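Residue numbers (this note's numbering), protein chains in the order written: chain A, 4 to 326; chain B, 14 to 449.
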Amino acid sequence: MLAKVRPAHAGRPFGAAGDGGTAGVPVARSLRERFTGRNAERLAPYVLIAPAVVVILLLRLWPLLLGVNFSFTGDGARNGQPVGLANYTELWNDPVFRTALRNVGLLILLLPVAVAVPGLLATFIFLKVPGHRFYRSVYFFPAVLSPVIVGAIFNLLLAFDGPLNAVLGAVGIDPVDWLGEPSIAIFSVVGVQIWATFGMGLVVFLSGFSTLDATLLDAARVDGASLRQVIWHVIIPGLSRTIQFVFVTTMIGLLTSMFGLLFIMTSGGPGGSTYLPEFYIWIQQGQMNRPALASAASTVLFLVMLLVGTAQIGLLRRAGRED
Amino acid sequence: MMQRRLWPAVLVAGVALAGCGSAAGSSGTASTSAAGGAASGSASAGGTGKLVVWDWKSSDKTAANFVAKAKADFAKKHPDVTLEFVAQPFDQYYTLLGAAIQAGKGPDVILFNGGGQIRDRADALLPLDQYVAADKDRLAGWDAFTKNGKIYAAPITLQGHPIYYNKAMYKKAGLDPDKPPTTWDAMVSACAALKKANNVPCFSVGNKEGYGIQFWMSGMGSSILTAAEYDSWIAGKRDWNSPDVKKLFSLWKEANDQGLNTPGPNSTAMFMDAFTKFEGGKAANVFGLMSDVGGWHEMNPILGADNVGAMLAPTVTPGTSASLAYDGGIGYGVAKWTKDPALAADLVRSLASTDALTAYSSDAGAIAADKTVKIAGGGPSAATIAADIPGGKPALHVALSAKTQEVMGRMSQQLLSGSVTVDEAMKQLAAADQAG
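Given below as structure tokens:
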């Protein structure tokens with residue numbers, strides 16, 4: 004808690020005008036001519052942040068509140084009538100929505116895998132395995148593809164009579180319905196999501212590696228440390244901030260950008276096993292004509308994300324404080 | 014730092030407060046909720062102005078003639094009215110429409126699928142009975158666009174579920190290509206012969222979207238349910254405890270377990286993978302459609318018109334007689350917020366005029382809802398379908414609500430993967446059907 008040198012505090016209200024900052028001066032001066040001295044100085048920063056605040060209030064918070072408000076009204080024949088918590092009870096009793104929430108939990112559990120994949124691969128590139136230049140460029144390639152294209156590619160690869168099962172068949176393994184078996188499909192989709200997005204994490208890891216102290220690594224090698232010991236005792240501690248950052252960004256990616264893949268690869272099926280809240284919202288609003296129920300689901304998703312987001316901010320802040 | 018911690022709490026409190034005020038704000042929210050781009054202008058007054066039409070067809074090349082003919086017909090009655098056809102992507106269509114309906118403004122004339130999709134949104138539409146009275150006898154398929162005795166759209170096409178089969182494969186298997194099996198037992202042994210001779214499974218099934226069960230239900234229904242059960246199902250009195258209704262679902266599972274289907278139905282999309290497989294000679298039969306895609310119009314050029322046969326369901330329950338399941342396929346309705354209902358209804362009538370439907374039928378390969386339009390050049394399968402239309406009945410799945418269809422899609426996938434029993438699936442379906 005020693006580190007109180009936080010730039011955000013230094014730049015609080017009187018920062019802009021009081022410091023005589025270049026941008027603040029003309030505005031502050033013209034205000035000063037109209038009002039008297041101190042008052043104007045106190046007002047100036049609020050005037051300056053007003054556009055941003057208005058945009059956030061008007062285009063973010065106000066619609067959010069309208070949506071929440073809307074979730075307490077009915078659908079169809081009861082359109083516009085207050086129904087209390089009926090939509091939320093319905094959500095709770097809907098096995099599909101419960102599956103969607105359970106899948107969110109599953110995604111969070113799978114997060115270490117999603118972080119370990121780019122981490123390990125970046126380590127190998129950093130340790131200059133043969134062909135590391137080639138891998139460095141190839142690994143990033145999927146990250147520039149749109150989820151729709153990735154989904155279409157893997158639909159073909161993972162089809163029951165597709166190439167993957169053909170390869171498995173050649174070595175005597177029975178074909179697996181990767182996208183048609185309820186217990187497997189969600190893992191297939193998450194696997195593809197990791198494949199499609201690990202390039203971003205890899206780049207962050209590589210940039211983290213470039214800040215590693217090379218002398219430490221050399222010292223470890225001289226002392227006869229094995230590869231596993233180098234990774235565990237030198238690389239991972241040196242990269243803790245990078246790892247935390249990749250954790251947070253990967254989690255955001257998993258929780259918010261899987262709609263495209265789901266839509267293309269499974270459409271929530273089979274048997275509703277790959278539903279995520281966004282997909283559920285889309286189905287209720289678009290296909291089932293239940294906008295109020297969809298609003299209720301959005302509110303629940305918002306609360307979940309708020310929880311996850313707060314945890315993430317806490318994590319990032321702790322990471323930032325370490326040095 | 015404490016201040017930052019407080020933010021989430023403030024947000025949650027705000028959210029909770031918004032909830033308390035829901036009753037007061039409810040009328041306002043309906044008109045202010047995000048509709049964004051949905052609200053394209055709709056101003057029409059008297060004989061002048063503009064009508065906006067939403068559909069997912071008008072940008073297709075095969076619909077160009079149809080739109081031109083309909084516009085010409087409308088221009089004769091209202092030369093000063095501008096028409097704007099907005100083609101939306103089909104997979105987003107009802108989402109965009111939902112936003113327009115919430116906003117209470119948008120298109121004047123709207124294309125709908127018959128059945129659940131229009132019935133669920135009938136509140137936003139204008140009853141057309143008084144306007145389309147003159148067309149009632151000329152057009153067929155009204156039931157799919159009717160709710161509580163009121164008509165909400167004029168049918169353009171008829172949509173139904175014949176079973177298509179590959180005649181060349183039947184010939185190769187030593188079966189008579191002109192006499193397809195008429196009982197389920199004969200079908201199962203034909204399947205064995207087809208598999209032996211052609212090395213292909215019997216049915217091409219795609220159930221990724223949950224459509225496979227719908228096509229199965231409507232394609233096979235008339236030979237599983239008795240006539241009385243069928244009629245009461247359509248009338249809304251569905252007995253989910255009846256052994257015949259249960260048979261619909263147990264046979265669905267059984268056929269798959271017996272290996273009659275193409276492998277991996279839960280991960281195969283009906284549109285268009287299942288049809289592509291049939292057309293590519295990877296299965297001998299498919300439960301198809303009779304208008305637009307997934308039917309004779311698409312199969313004839315690939316397999317050869319003489320090689321495509323259409324049949325009715327082979328008999329499962331003794332004493333039933335198979336019939337073609339069909340309904341109104343797509344149709345145009347009028348939004349209740351339109352400025353001049355009579356004008357918009359006139360456009361609907363032009364869109365359903367004989368000239369326009371003749372063009373649509375031949376270009377897009379659809380069975381027109383207009384009884385006076387003859388199917389030209391559809392080959393033997395289209396001829397069989399045309400002959401079956403007079404004895405046809407509404408399709409079983411079209412009578413179900415969108416909600417029940419969604420549950421049925423999920424249950425059907427779980428049945429195939431073995432994660433639910435038939436009895437449990439029936440229980441959930443009954444609950445969904447009674448709720449909706």
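From the three backbone atoms N, C-alpha and C, an ideal C-beta is built for every residue, glycine too. The structure displayed is predicted, hence computed values, not measured ones.
- Contact between the region 221–239 of chain B and the region 393–411 of chain B is present: three or more C-beta pairs spanning the two stretches fall below 8 Å.
- For THR95 (chain B), there is no enclosing alpha helix (DSSP H); the enclosing beta strand (DSSP E) covers residues 94–100.
- Going by beta carbons, ALA300 (chain A) and TYR283 (chain A) fall inside the 8 Å limit.
- Proximity of GLN290 (chain A) to chain B, defined by a Cβ-Cβ separation below 8 Å, is satisfied.
- When Cβ pairs closer than 8 Å are counted between the two stretches, the region 175–182 of chain A is seen to touch the region 146–163 of chain A, the count reaching three or more.
- When DSSP assignments are scanned along the region 215–287 of chain B, the uninterrupted stretches of alpha helix (DSSP H) that are 4 or more residues long and fall wholly within it turn out to be 224–237, 240–247 and 256–270.
- Rounded to whole angstroms, ILE246 (chain A) and LEU46 (chain A) show a C-alpha spacing of 42 Å.
- Between the region 77–85 of chain B and the region 351–367 of chain B, the count of C-beta pairs closer than 8 Å reaches three or more; the two stretches touch.
- Listed along chain B is no residue with a C-beta nearer than 9 Å to that of ALA173 (chain A); the closest approach is about 17 Å.
- One thing to note: VAL66 (chain B) has its Cβ within 8 Å of the Cβ of LEU96 (chain B).
- Among the residues of chain B, those whose CB is under 7 Å from the CB of GLU184 (chain A) are SER430, following chain order.
- When A:LEU148, A:ARG321, A:ASP221 and A:PHE100 are compared, the shortest CA-CA separation from ILE286 (chain A) is found for A:PHE100.
- In the DSSP assignment, MET324 (chain B) falls within the beta strand (DSSP E) that extends over 321–324.
- Residues of the same chain with a CB within less than 6 Å of the CB of VAL386 (chain B), apart from the 5 flanking positions on each side, are LEU370, THR371 and SER374 in chain order.
- Three or more beta-carbon pairs drawn from the region 343–356 of chain B and the region 157–176 of chain B are found closer than 8 Å, and the two stretches are therefore classed as touching.
- Positions of the beta strand (DSSP E) runs, each at least 3 residues long and wholly inside the region 145–198 of chain B, are given as 166–168, 170–173 and 176–179 in order along the chain.
- Taking all protein chains in view, the Cβ of VAL147 (chain A) is surrounded by fewer than 16 other Cβ atoms within 10 Å, so the residue is classified as exposed.
- Within the region 194–250 of chain A, the runs of alpha helix (DSSP H) at least 4 residues long that lie entirely inside it are, in chain order, 217–225 and 230–233.
- When the alpha-carbon of LEU309 (chain A) is set against those of A:LEU69, A:LEU124 and A:ILE255, the nearest one is in A:ILE255.
- In this structure, DSSP gives ASN82 (chain A) an extended state, which the three-state scheme calls strand.
- The C-alpha of ILE152 (chain A) is placed about 29 Å away from the C-alpha of MET421 (chain B).
- In the structure shown, the three-state DSSP call for THR397 (chain B) is helix.
- Following the DSSP letters along the chain, one finds TYR278 (chain A) in no beta strand (DSSP E), marked with neither H nor E.
- Taking ILE388 (chain B) as the centre and dropping the five residues before and after it, the same chain places the C-beta of ALA395 and ALA399 closer than 6 Å to its C-beta, in chain order.
- Within chain B, the residues LYS221 and GLU222 have their CB atoms less than 7 Å from the CB of SER270 (chain A), given in chain order.
- For the pair VAL258 (chain B) and ALA199 (chain B), the Cα-to-Cα distance works out to about 22 Å.
- ALA162, PHE163 and ASP164: these are the residues of the region 146–171 of chain A whose beta carbon lies less than 7 Å from some beta carbon of chain B, given in chain order.
- Below the 7 Å Cβ cutoff, chain A contributes ASN292 as neighbours of ASP133 (chain B), in chain order.
- Within chain B, no residue has its CB atom less than 8 Å from the CB of PRO121 (chain A), the nearest being about 28 Å off.
- TRP95 (chain A) is outside the set of residues whose beta carbon lies under 8 Å from a beta carbon in chain B.
- The residue from A:SER210, A:SER213 and A:ILE238 with its alpha-carbon nearest to that of ALA223 (chain A) is A:ILE238.
- Look at THR328 (chain B) here: in three-state DSSP terms it is strand.
- Proximity of LYS440 (chain B) to chain A, defined by a Cβ-Cβ separation below 8 Å, is not satisfied.
- ASP383 (chain B) is bridged by DSSP to B:LEU152.
- At a cut-off of 8 Å, the C-beta of PRO273 (chain A) has a neighbouring C-beta in chain B.
- Here GLY202 (chain A) is actually not in contact with PHE163 (chain A); their C-beta atoms are around 29 Å apart, not less than 8 Å.
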